[in-house]
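Take any residue in the sequence shown, note its place counting from 1, add 5, and you have its number in this note's numbering. From the three backbone atoms N, C-alpha and C, an ideal C-beta is built for every residue, glycine too. Heads up: the structure comes next, in structure tokens.
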Amino acid sequence: MKKTGNEVVLRRLNEKDVPDLARLLNNKKIWDNVRDKIPFPYKEADAREFLEWCLAEDPPMTFAIDFKGQLAGCIGLLKQEDVYRLSAEIGYWIGEPFWNKGIATEATRLMVDYGFKKLKLVKIFTGVFDFNKASQRVLEKAGFELECISEKALIKNGVIRDEYRYSLINDDL
Numbered sequence: 006m007k008k009t010g011n012e013v014v015l016r017r018l019n020e021k022d023v024p025d026l027a028r029l030l031n032n033k034k035i036w037d038n039v040r041d042k043i044p045f046p047y048k049e050a051d052a053r054e055f056l057e058w059c060l061a062e063d064p065p066m067t068f069a070i071d072f073k074g075q076l077a078g079c080i081g082l083l084k085q086e087d088v089y090r091l092s093a094e095i096g097y098w099i100g101e102p103f104w105n106k107g108i109a110t111e112a113t114r115l116m117v118d119y120g121f122k123k124l125k126l127v128k129i130f131t132g133v134f135d136f137n138k139a140s141q142r143v144l145e146k147a148g149f150e151l152e153c154i155s156e157k158a159l160i161k162n163g164v165i166r167d168e169y170r171y172s173l174i175n176d177d178l
């Protein structure tokens with residue numbers, strides 16, 4: 006799968022991305038805004054393991070965010086199961102050199118299009134740390150609406166935090 010926007014391309018990850026994945030994700034500022042299952046420090050071995058996991062997905066659900074020929078980050082959908090099988094959670098990260106360029110918003114719009122049109126999802130949702138105002142803006146610009154604020158729902162860096170829950174409904178179904 007390859008989805009092309011104005012300046013962003015979503016494409017499958019490949020072996021050539023491993024050094025860039027490790028370099029971009031080995032950043033405390035990134036780690037402070039993602040879930041703890043992403044290791045820190047982030048090494049090439051972690052990137053290889055992630056690549057193998059991504060390449061095993063069928064259908065593909067996790068993609069490289071390519072900006073002007075460079076790996077800028079990753080985006081993915083985590084399809085839900087059982088009675089929630091028409092919903093998916095979206096997640097993304099952007100490397101610090103690529104912040105404030107509109108990349109995450111464009112990538113999110115492309116991923117929503119893929120999720121709704123190709124995967125026939127009814128709902129795409131996500132949770133955002135209360136302090137991550139940049140990600141909240143990305144979601145709002147991509148058409149997501151704040152569904153609720155879940156108080157004291159998570160812990161990051163030893164601090165109990167609120168989670169902002171956003172969602173987007175596929176009105177074409």
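Query raised in the report: What is the DSSP secondary structure of residue 43, counted as helix, strand or coil?
Result: Within the sequence shown, numbered from 1, the residue matching residue 43 stands at position 38. Note: residue 43 maps to coil in three-state DSSP.
Requested in this report: Determine which residues share a DSSP beta bridge with residue 138 and list them.
Outcome: On the sequence shown, position 133 is the one that residue 138 refers to. Beta-bridge pairing by DSSP links residue 138 to no other residue.
Query raised in the report: Near residue 49, which residues of its chain fall below 6 Å by C-beta distance, leaving aside the five closest residues on each side in sequence?
Result: Along the sequence shown, read from residue 1 onward, the residue named residue 49 stands at position 44. The residues are 23, 27.
Report task. Inspect the CB distances between the stretch 153-163 and the stretch 111-131 and report whether three or more fall short of 8 Å. Result -> Output reads no: the stretch 111-131 does not touch the stretch 153-163.
**Report entry** residue 53, enclosing alpha helix (DSSP H) - first and last residue
**Finding:** Indexing the sequence shown from 1 puts residue 53 at position 48. Boundaries of the alpha helix (DSSP H) harbouring residue 53: 49-60, taken from the DSSP string.
Query - Test item: CB-CB of residue 147 and residue 113 under 8 Å - result: Here residue 147 is taken as the residue at index 142 of the sequence shown, counted from 1. Here residue 113 is taken as the residue at index 108 of the sequence shown, counted from 1. The answer is yes: Cβ separation under 8 Å.
Query - Cα-Cα separation between residue 171 and residue 74, rounded to whole angstroms - result: Counting from one through the sequence shown, the residue named residue 171 turns up at place 166. Counting from one through the sequence shown, the residue named residue 74 turns up at place 69. A direct Cα-Cα distance of roughly 30 Å separates residue 171 from residue 74.
Query raised in the report: Looking only at DSSP bridge pairs, what is residue 76 linked to?
Result: Residue numbering aside, residue 76 sits at position 71 when the sequence shown is read from its first letter. According to DSSP, which records beta bridges pairwise, residue 76 is partnered with 71.
**Report entry** Host alpha helix (DSSP H) of residue 34 (start-end)
**Finding:** Position 29 of the sequence shown holds residue 34. Segment 33-36, the alpha helix (DSSP H) holding residue 34.
Query raised in the report: Is there contact here, the stretch 121-133 with the stretch 78-94, by at least three beta-carbon pairs under 8 Å?
Result: Segments in contact, yes.
Query raised in the report: Distance, Cα to Cα, residue 109 vs residue 47?
Result: On the sequence shown, position 104 is the one that residue 109 refers to. On the sequence shown, position 42 is the one that residue 47 refers to. Rounded to whole angstroms, the separation of the alpha carbons of residue 47 and residue 109 is 21 Å.
Requested in this report: Alpha carbon to alpha carbon, how far is residue 134 from residue 37? Give it in angstroms, no decimals.
Outcome: In the sequence shown, residue 37 corresponds to position 32, counting from 1. In the sequence shown, residue 134 corresponds to position 129, counting from 1. Approximately 10 Å between the Cα atoms of the pair.
Requested in this report: With residue 164 as the anchor, note down where its alpha helix (DSSP H) starts and where it stops.
Outcome: In the sequence shown, counting from the first residue as 1, residue 164 sits at position 159. No alpha helix (DSSP H) contains residue 164, which is instead part of the beta strand (DSSP E) from 164-174.
Query raised in the report: How many Å lie between residue 161 and residue 54 at the Cα?
Result: Position 156 of the sequence shown, counting from 1, holds the residue named residue 161. Position 49 of the sequence shown, counting from 1, holds the residue named residue 54. Roughly 24 Å separates the two Cα atoms.
Query raised in the report: Looking at the structure shown, is residue 109 part of a helix, part of a strand, or coil, going by DSSP?
Result: By one-based count along the sequence shown, residue 109 stands at place 104. It is helical.
Query raised in the report: Looking at the structure shown, is residue 12 part of a helix, part of a strand, or coil, going by DSSP?
Result: Position 7 of the sequence shown, counted from the first residue, corresponds to residue 12. In this structure, residue 12 counts as coil in the three-state DSSP scheme.
Requested in this report: Note the first and the last residue of the continuous beta strand (DSSP E) segment covering residue 93.
Outcome: Sequence index remark: in the sequence shown, residue 93 carries index 88 (1-based). Here the beta strand (DSSP E) through residue 93 covers 92-99.
Query raised in the report: Alpha carbon to alpha carbon, how far is residue 51 from residue 58?
Result: Along the sequence shown, read from residue 1 onward, the residue named residue 51 stands at position 46. Along the sequence shown, read from residue 1 onward, the residue named residue 58 stands at position 53. Between residue 51 and residue 58, the C-alpha separation is close to 11 Å.
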